[in-house]
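S.K.: Under this note's numbering, the residue at position 494 of the sequence shown is numbered 696, and the numbers go up by one with no gaps. A virtual CB, placed ideally from N, CA and C, is assigned to each residue, including glycine. After the structure tokens below, expect a handful of questions from me.
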Amino acid sequence: MEAREHTAQVRYEDRIDREERFRKGHLPILYCSPTMELGVDIAELNCVNMRNVPPTPANYAQRSGRAGRSGQPALVFSYCSTFRPHDQYFFKRPHLMVAGSVTPPRLDLANEDLIKTHVHAVWLAEAGIHLGTSLKDVLDLSGENPSLALQDHVRDDIAAISPRERAVKRAKDVLSDIEDWLRETDWFSDQWISEVISQVGTEFERACERWRGLYRAAARQVDAMHRIVNDHHKSHDEKEKAKRLRAEAEAQLDLLTESQNVVASDFYSYRYFASEGFLPGYNFPRLPLSAFIPGRRRQKGVDEFLSRPRFLAIAEFGPRAIVYHEGSRFRINKVILPVEDRGDGEDIVTNAAKQCETCGYLHPIHSGDGPDLCERCGQPLSIPLRNLFRLQNVATKRVERINSDEEERLRLGYEIKTGIRFSRKSGGLSCKTASVKDGENVIATLVYGHSSTLWRINLGWTRRANKDQHGFVLDTERGYWATNQQDADDAEDPLSKRKRRVVPFVEDTKNALLFEPVQDWDDTVMASLQAALKNAIQIEYQLEDSELAAEPLPGRDSRHCLLFYEAAEGGAGVLRLLLEDATAFNRVARQALSLCHFDPDTGEDLRRPPEGKEDCEAACYDCLLSYFNQGDHAILDRKAIRDFLLRFRDAKVDLSPAVPPRAIHLELLRNQCQSGLEKNWLQFLEEAGYNLPSKAQLFLEKCKTRPDFLYDDKMVAIYVDGPHHEYPERKDRDAQQMDCLADVLTYQVIRFGHRDDWEQIIARHPHIFGRRL
Ligand SMILES: [Zn+2]
Ligand SMILES: [Zn+2]
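In structure tokens:
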């Protein structure tokens, strides 16, 4: 019996063909992802089998409603997996799913990124820019070595002033309906719309970058392979291989510039700009990474790019991972290296960062050794993690077979570490803090960071010989990942001499919540609370398992905090509610109690789930266990958290930032000051309510200078000069350093002499310092 799949990853033509054949009854079985949930009607359909319980009653209604249209009888059944708590929960309470109430879809209107995309759309309409079918209609692809710069007419249209003014006005009208909502966020202000519009050119350029990177890399491969094919000194085999790689790169160029089938292409301009977060878009991964899948030459196979959200791509598109697509296996064997930052002889760009070993807070290092103290909790930081390599788009190669060793390694997956960094506003951390109070005692704090920066770092295979060795060997010239020495038959892509061990990472912004107990609780309590709170939040707010992620910070071997983040596009906006809705946290604790087989009112141990057949001693798939927390199964224990959950149930959640983030930040800056004059300068800013700098005393290696302060995000270096700067030699050196900062690092330098009128200097730069309060 023939069966086919129907997912967003299947080519558009094939999808249509399969729907057609399925409708006619020629194709008896169709395996579907949620792509079939909406809009596709098949009158004769008489059976729907759901592989798992759908996320919400709304999804259930949609999916089951595919069958039995126009009053015909139909059979609908749902498989409830033993290993998914969600499935087990509804298996015990089927009426909540089958006849459950459909809640309206939740959209977080306070999500800045989301509102921004709509403002961009308003502007695009006002500017009358037509984006064509692919980016070849937007960028300059002419000539032998195309610049890929914006085409002249596009650049002029983007720069035009009057559409911008109209867009500001229209966006104000559009948003006026939700203005009350926006006023409550910490990012919206009267200037916000104008600021977004003023940045529209830069943002547009940024959105083009992934496409440019893919195009340049493919074009370069075509050239390089072409040279080999025409080189008479090369062997027949080398030439054949080069021909194959040239054809592969040409296929990539075709995909990028395709103008047929625009509806189907990920690179259709409007869809592409949505996936890059420039325009609104709700049903495909935002900021994805792409994997090139070569078609099968001899059959009618076609080349494709698969795309995945980057937080999943860090593992799914990890070095030498296997992806399954249309019944075949493909190995990620190569990184599509960006061309621009690598002239000949230049190495790939890597990053460094320090992660706080107490709270998991992340500190990217731009030069030197980075900060010594954690910006968030003030604890000392240890050695930096270096050779961090931002994971790029990748390419795959078909594989026939995998040996048992590799299978085991794949099964255990990678060791992935997460780090968090709150966004910044006016030089301080932008986050909300609430304390969880048991009577007068604070037992834990909840910190919510809107659009926080999260890094996921791939440290290596979970199963690796040396646990202290991080990362993977990358051929920095050709982009191949080194094979694993243990696999004899895995030696296919010869590496060049330029090899380097790198640690892949991805970055994204998410709404995140840190749960930080005041005292240290043991691993069992922390791991069990993590599972219980995650499941309870999902039930309370009808979230899908994949919409909410939970992890211990700084890591699994040291569970000091629990990090929750909204994995969904746009964010569901529920984590914020745990601080802002006074009883939300208590309700979640009640859900967690019932999940863990306790009576939420009395705390009595009911020992098993409703209608369960066996007692649950420590944990079962009804309470804490899930397929995704297998690593924690051994230490999970529902009884260990009963008393904690009872205290949470009655706790008072006080949204009263005990210490405003600005004050903590100011204190950290003050501690780093080298002179009284610098302290006075900070005090001056503080009293007037001006924006504080982001860093103090950071050594900038390239210019051999240590500015007193930096406004990182605005690329401004500040010197507060005492009397000794008035000597001539000193003046010369200062001037040299200023030139270097300006030319090499493109920093703007602002000096505050001890005799200067600081107020006057500040007034000249309102975009840096803000306005006097
Ligand atoms: Zn810390
Ligand atoms: Zn249980």
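1) Leaving aside the five residues before and after residue 926 along the sequence, list all residues of the same chain whose C-beta is less than 7 Å from its C-beta, in chain order.
2) Using 8 Å as the cut-off, classify the Cβ of residue 802 as near or not near the heavy atoms of ligand 2, replying yes or no.
3) When you get a sec, list the residues whose CB is within less than 5 Å of any heavy atom of ligand 2, chain order please.
4) At a cut-off of 8 Å, would you count residue 626 as near ligand 1, judging by its Cβ distance to the nearest heavy atom?
5) Check for me: the alpha helix (DSSP H) holding residue 527 runs from which residue to which?
6) Can you check which of these residues, 340, 370, 550 and 969, is closest to residue 680 by C-alpha distance?
7) Tell me which same chain residues have a C-beta within less than 7 Å of the C-beta of residue 229, skipping the five on either side of it?
8) Can you check which of these residues, 258, 661 and 949, is closest to residue 704 by C-alpha distance?
9) Tell me whether the beta-carbon of residue 666 lies closer than 9 Å to the beta-carbon of residue 708.
10) At a cut-off of 8 Å, is residue 572 close to ligand 1 when judged by its beta-carbon and the heavy atoms of the ligand?
11) With DSSP as the reference, please indicate the residues paired to residue 567 in a beta bridge.
12) Using 8 Å as the cut-off, classify the Cβ of residue 635 as near or not near the heavy atoms of ligand 1, replying yes or no.
13) May I have the straight-line CA-CA distance separating residue 478 from residue 489, to the nearest angstrom?
14) Assess contact between the segment 867-884 and the segment 830-842, defined as three or more Cβ pairs (one per stretch) separated by less than 8 Å. Is contact present?
15) By the three-class DSSP mapping on this structure, what secondary structure does residue 335 have?
16) Can you tell me whether residue 274 is buried or exposed? The criterion is at least 16 other CB atoms within 10 Å of its CB, across all chains shown.
17) Would you call the CB atoms of residue 190 and residue 248 closer than 9 Å?
18) Where in the segment 604-646 do unbroken runs of the alpha helix (DSSP H), each at least 4 residues long, occur, reported from the N-terminal end onward?
19) Is residue 623 near ligand 1, with its Cβ less than 8 Å from a heavy atom?
20) Output the distance between the C-alpha atoms of residue 621 and residue 293, rounded to the nearest integer angstrom.
21) Would the beta-carbon of residue 581 be found less than 8 Å away from any heavy atom of ligand 1?
22) Let me confirm a value: residue 844 is counted as buried when at least 16 other C-beta atoms fall within 10 Å, else exposed. Which label applies?
23) Between which residues of its own chain and residue 521 is the CB-CB distance below 6 Å, once the five residues before and five after are set aside?
24) Determine the extent of the beta strand (DSSP E) in which residue 828 is found, giving its start and end residues.
25) What's the gap between the Cα of residue 688 and the Cα of residue 612?
26) By Cβ distance, which residues of its chain are closer than 8 Å to residue 284, with the 5 residues on each side in sequence left out?
27) Could you compute how far the alpha carbon of residue 238 sits from the alpha carbon of residue 392?
28) Please report the distance separating the alpha-carbon of residue 326 from that of residue 474.
29) Per DSSP, which one or two residues make a beta bridge with residue 807?
30) On the three-state DSSP scale, how would you describe residue 238?
31) Looking only at its chain, what residues have a beta carbon closer than 8 Å to the beta carbon of residue 817, apart from the 5 residues adjacent to it on each side?
32) What does the alpha-carbon distance come out to for the pair residue 369 and residue 399?
33) Taking only runs of the beta strand (DSSP E) that begin and end inside the segment 695-744, which ones reach a length of at least 3 residues, in chain order?
34) Cα-Cα, which of 949, 715 and 953 is closest to residue 561?
35) What span of residues does the alpha helix (DSSP H) with residue 265 cover, start to end?
36) Does the contact criterion of 3 or more C-beta pairs under 8 Å hold for the segment 565-578 versus the segment 510-526?
M.R.: Taking the definition as stated:
1) If we look at residue 926 and ignore the five residues flanking it on each side, its Cβ neighbours are 932.
2) Flag unset: Cβ of residue 802 not near ligand 2.
3) Summarising the contact set, residues whose Cβ lies nearer than 5 Å to any heavy atom of ligand 2 are, in chain order, 818, 822, 824 and 825.
4) Answer for residue 626: no, Cβ out of range of ligand 1.
5) Looking at the DSSP string, residue 527 is not in any alpha helix (DSSP H); the run it does join, the beta strand (DSSP E), is 524-527.
6) Closest in C-alpha terms to residue 680, from the list 340, 370, 550 and 969, comes 550.
7) Around residue 229: 204, 206, 220 and 223.
8) Here the closest residue by C-alpha is 661.
9) No, these two residues do not count as a Cβ contact at 9 Å.
10) The answer is no for residue 572.
11) Residue 567 is bridged to 554.
12) Annotation for residue 635 indicates a beta carbon at 8 Å or more from all heavy atoms of ligand 1.
13) Taking the Cα positions, residue 478 is about 5 Å away from residue 489.
14) Counting Cβ pairs under 8 Å, fewer than three are found: no touch.
15) Coil at residue 335, not helix or strand.
16) Around the Cβ of residue 274, a 10 Å sphere holds fewer than 16 other Cβ atoms; the residue is exposed.
17) Because the chain spans 203 through 975 in this model, residue 190 falls outside it and cannot be assessed.
18) For the segment 604-646, whole alpha helix (DSSP H) runs of length 4 or above, ordered along the chain, are 606-614.
19) Residue side-chain check: residue 623 keeps its Cβ at 8 Å or more from all non-hydrogen atoms of ligand 1.
20) Taking the Cα positions, residue 621 is about 36 Å away from residue 293.
21) Yes, the beta carbon of residue 581 sits closer than 8 Å to at least one heavy atom of ligand 1.
22) The C-beta of residue 844 has 16 or more other C-beta atoms within 10 Å across all chains shown, which makes the residue buried.
23) Within the same chain, residue 521 has close Cβ partners 674 and 683.
24) Taken as a continuous stretch (DSSP letters only), residue 828 belongs to no beta strand (DSSP E), as it is neither H nor E.
25) Note that residue 688 has pLDDT 47, beneath the 50 cutoff, so the model's placement of it is unreliable and no number is given.
26) Within the same chain, residue 284 has close Cβ partners 290 and 823.
27) Their Cα atoms are separated by approximately 43 Å.
28) Approximately 15 Å between the Cα atoms of the pair.
29) Bridge partners of residue 807: 800.
30) Helix.
31) Excluding positions up to five away in sequence, the list reads 809 and 810.
32) For residue 369 and residue 399, the distance between alpha carbons rounds to 8 Å.
33) Whole beta strand (DSSP E) segments, 3+ residues: 701-719.
34) For the residues 949, 715 and 953, the minimum Cα distance to residue 561 belongs to 715.
35) Run containing residue 265: 259-266, per the alpha helix (DSSP H) assignment.
36) Contact between the segment 565-578 and the segment 510-526 is absent, because fewer than three Cβ pairs lie under 8 Å.
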